[in-house]
Structure formats: structure tokens, C-alpha cells
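Novice: Under the numbering used here, think of the first position of the sequence shown as 23, with each following residue one higher. C-beta atoms are modelled at their ideal positions from N, C-alpha and C, and glycine is treated no differently. Please read all numbers here as calculations on a predicted model, not as lab measurements. My questions all concern the structure below.
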Amino acid sequence: GDELEILIAPQGVVPVMTFLKNHHNAQFGSMADIAGVDIPSRANRFEIVYNLLSFRFNSRIRVKTYTDELTPIDSVNDIFKAANWNEREVWDMYGVYFANHPDLRRILTDYGFEGHPLRKDFPLSGYVECRYDDELRRVVQEPVELAQEFRKFDLAAPWEQFPAFREMIPAAEEVDIEKK
23 GDELEILIAP QGVVPVMTFL KNHHNAQFGS MADIAGVDIP SRANRFEIVY NLLSFRFNSR
83 IRVKTYTDEL TPIDSVNDIF KAANWNEREV WDMYGVYFAN HPDLRRILTD YGFEGHPLRK
143 DFPLSGYVEC RYDDELRRVV QEPVELAQEF RKFDLAAPWE QFPAFREMIP AAEEVDIEKK
């Protein structure tokens with residue numbers, strides 16, 4: 023769209039966000055959300071996207087910064103109180119650490135959860151599965167075991183399974199080439 027978008031260095035998160043919130047010509051006083059993006063092919067694989075709204079000027083701005091697995095981003099919780107849960111969500115889903123955050127703990131996954139599920143290198147089936155065990159009468163966690171039949175994929179198009187119900191186009195009809 024026609025929204026303003028800026029890319030900043032990780033060290034500039036707090037000064038830029040303070041400017042955008044407090045300067046008279048900006049007044050982006052509302053933080054809509056913070057999102058994470060994982061692009062493993064980059065050296066700084068994570069993009070952190072801050073979406074801000076200015077009620078006074080009825081405009082939005084998208085502020086992007088970048089980091090890797092080990093470098094923390096400064097928390098903007100002191101500037102925007104709405105950043106608290108959003109930063110916790112990015113931490114939980116991507117593993118991006120926010121320095122000076124007052125309560126950085128998991129928010130969407132369980133306490134004992136290993137890994138960060140929105141990373142591109144996280145396995146689709148996860149590492150453990152939870153199920154109720156009738157003998158133990160409790161929920162148990164076990165390493166994931168995939169049966170062989172779940173590893174085979176039928177890549178045929180779904181409409182090929184019902185050829186009798188498919189409309190035949192005249193050009194696609196089978197022609198006997200033995201006839202002359």
C-alpha cells in the first residue's frame with residue numbers, strides 16, 4: 023500500500039521509536055503490533071516489524087529491523103506498554119531475545135516446550151507429542167515417531183481420483199491410434 027516503511031539498524035530501535043512517538047510532527051502514539059519474520063538464507067535471519075499508528079494524522083508506519091539468533095534487540099516496553107505481550111510472543115515463536123524486557127517468558131507454548139515453532143528450521147511434527155495414557159491415567163509426553171505410511175505422499179491431483187465425474191473436453195479425449 024501507500025504506508026510509510028523504514029528499515030533501521032538494531033541499535034536504533036529505542037531512539038527511533040521514541041522519536042516517532044513523542045515528536046510533534048509524528049505522534050505515532052499507538053503500537054498496533056510487533057511481528058517476526060524468519061528468512062534463514064540471510065546472515066541476520068530475523069526481521070522484527072513494528073506497526074505504529076498516529077491517530078492525530080491518521081497514518082501508519084512500519085518500522086523494520088533485523089537480528090540473528092544471538093544478538094538481542096532492545097525492548098520498547100518502556101515506550102509502548104503494548105509491546106510487552108508482543109515482544110513475548112516474538113520471543114516464544116522465534117527465539118528473538120529482547121534486552122531490558124521486564125518479563126520475557128513464553129506466552130503461547132507450554133513451559134517445558136523446546137524450540138521456537140515459527141522458525142523455518144523447526145520440524146513440522148515437532149519434537150514431542152502429548153497424549154492421554156489410559157494405563158497411567160495422565161497425559162504423557164513422548165518423542166515423535168512417524169509411522170511409515172504417514173511418510174508416503176500421493177501427489178496426484180485430487181480430481182484424478184474420480185475420472186468418471188470429470189468433464190471431457192473434445193481435444194482431451196483419448197483417440198485410438200491403431201485405427202487408420
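Could you check the C-alpha separation between Arg-153 and Gln-163 for me, to the nearest Å?
Specialist: Whole-angstrom Cα-Cα distance: 7 Å.
Novice: Classify Thr-89: buried if its beta carbon has 16 or more other beta carbons within 10 angstroms, exposed otherwise.
Specialist: Classification for Thr-89: buried.
Novice: Return the Cβ separation of Val-85 and Tyr-72 in integer angstroms, given the expectation that the two are a contact with Cβ distance under 8 Å.
Specialist: About 4 Å; that satisfies the 8 Å criterion.
Novice: Can you list, in chain order, the residues of its chain whose CB lies under 6 Å from that of Ile-30, leaving out five sequence neighbours each side?
Specialist: Here the set comprises Val-38, Thr-87.
Novice: Compute the distance between the beta-carbons of Pro-32 and Ile-101, then report whether it is under 9 Å.
Specialist: Their beta carbons are not under 9 Å apart, which means Pro-32 does not touch Ile-101 by this criterion.
Novice: Sorted by chain position, which residues of the same chain lie with C-beta nearer than 8 Å to Glu-109's C-beta, five sequence neighbours on each side aside?
Specialist: Excluding positions up to five away in sequence, the list reads Ile-56, Ser-97, Val-98, Asn-99, Phe-120, His-123, Leu-126.
Novice: Give the secondary structure of Lys-43 by DSSP, where H, G and I count as helix, E and B as strand, and everything else as coil.
Specialist: Note: Lys-43 maps to helix in three-state DSSP.
Novice: Excluding sequence positions up to five away, which residues of its chain have a Cβ less than 6 Å from the Cβ of Ala-54?
Specialist: Asn-73, Leu-75, listed in sequence order.
Novice: Could you tell me the distance, in whole angstroms, from the CA atom of Ile-129 to the CA atom of Thr-93?
Specialist: Using only the alpha carbons, I get a separation of about 21 Å.
Novice: Which value, in whole angstroms, describes the spacing of the CA atoms of Glu-136 and Tyr-149?
Specialist: If you take the alpha carbons of Glu-136 and Tyr-149, they lie about 8 Å apart.
Novice: What does the alpha-carbon distance come out to for the pair Trp-113 and Ile-61?
Specialist: Their backbone Cα atoms lie some 16 Å apart in a straight line.
Novice: Applying the criterion that 16 or more other CB atoms from any shown protein chain within 10 Å of the CB defines a buried residue, is Phe-68 buried or exposed?
Specialist: Classification for Phe-68: buried.
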